[in-house]
Amino acid sequence: MPTPQQRDYRRRRVLELRRTKNIIPIDFWNDGPLVHGCMAGGKNYLHINVNGDAEPCVFIHFAVDNIKDKSLTEVITSNFFKSFRKRQMQTENYLRPCCIIDNPHVLREAVTEAGAYIIHDGAETMVTTLAKSLDEYGAGYKELADKAWLEEYLCYGKAKKAV
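Per this note's numbering, the very first residue in the sequence shown carries number 19; after that it's consecutive.
Here it is as structure tokens:
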């Protein structure tokens, strides 16, 4: 996992490549400004794994529903997905939208609140043994991302178009 400084460098480098090359690199962690924050939890995206478990994101291996048992509408309107979307709306800086690395308390709260089950062995470490490290990472990146958001993306209270 890149350090907060490496992540910020990657954000700036991807923007530079988009401006100067005939390519469109995608940066899942730093493209929040392009999609208005995190897309997970059925806001614009969800992941259904090979077993039919509906996960808020391909990187979040927790679920409460299986598409074999419930309709897509039921999954998207479940308390688990609603919990993610409600908390996503509390993020004002689209450079820090991720509930795993930027706001890990969101993942912990949503998983606990919904009683989500674990999809893959070891996934629980994101909300247990890795929780402190993820909180520290998020706090470290927050300093860089908040400065960049203010100086590069906001202009007199209105969001500038990210290139």
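Note that CB positions come from ideal geometry on N, CA and C, so glycine has one too.
*Using the DSSP secondary-structure output, state which residues sit across from D49 in a beta bridge.*
Paired residue(s): none; D49 is not in a bridge.
*In the structure shown, what three-state DSSP assignment does N97 receive?*
helix
*Between which two residues does the alpha helix (DSSP H) harbouring Y159 extend?*
149-166
*Count the other CB atoms within 10 Å of the CB of H138; is the residue buried (16 or more) or exposed (fewer)?*
exposed
*Since I believe V124 is in contact with R105 (beta carbons under 8 Å), could you give me their beta-carbon distance rounded to a whole number of angstroms?*
4 Å
*Under 8 Å Cβ to Cβ from A149, same chain only, skipping five residues before and after it: list those, please.*
P122, R126
*Nearest CA to the CA of E169: which residue from L113, K88, T95?*
L113
*Taking only the alpha-carbon atoms, compute the straight-line gap between M57 and L64 and give it to the nearest angstrom.*
8 Å
*asked:* Considering only their Cβ atoms, is the gap separating P74 from F99 smaller than 8 Å?
replied: yes
*asked:* Give me, in chain order, the residues of the same chain whose beta-carbon lies closer than 6 Å to that of K178; leave out the 5 immediate sequence neighbours on both sides.
replied: Reliability of the predicted coordinates at K178 is poor, the pLDDT of 49 falling under 50, and no value is obtained from them.
_N-terminal and C-terminal residue of the alpha helix (DSSP H) that H123 is part of_ = 122-132
*Grouping DSSP H, G and I as helix and E and B as strand, with all else coil, what is D71?*
strand
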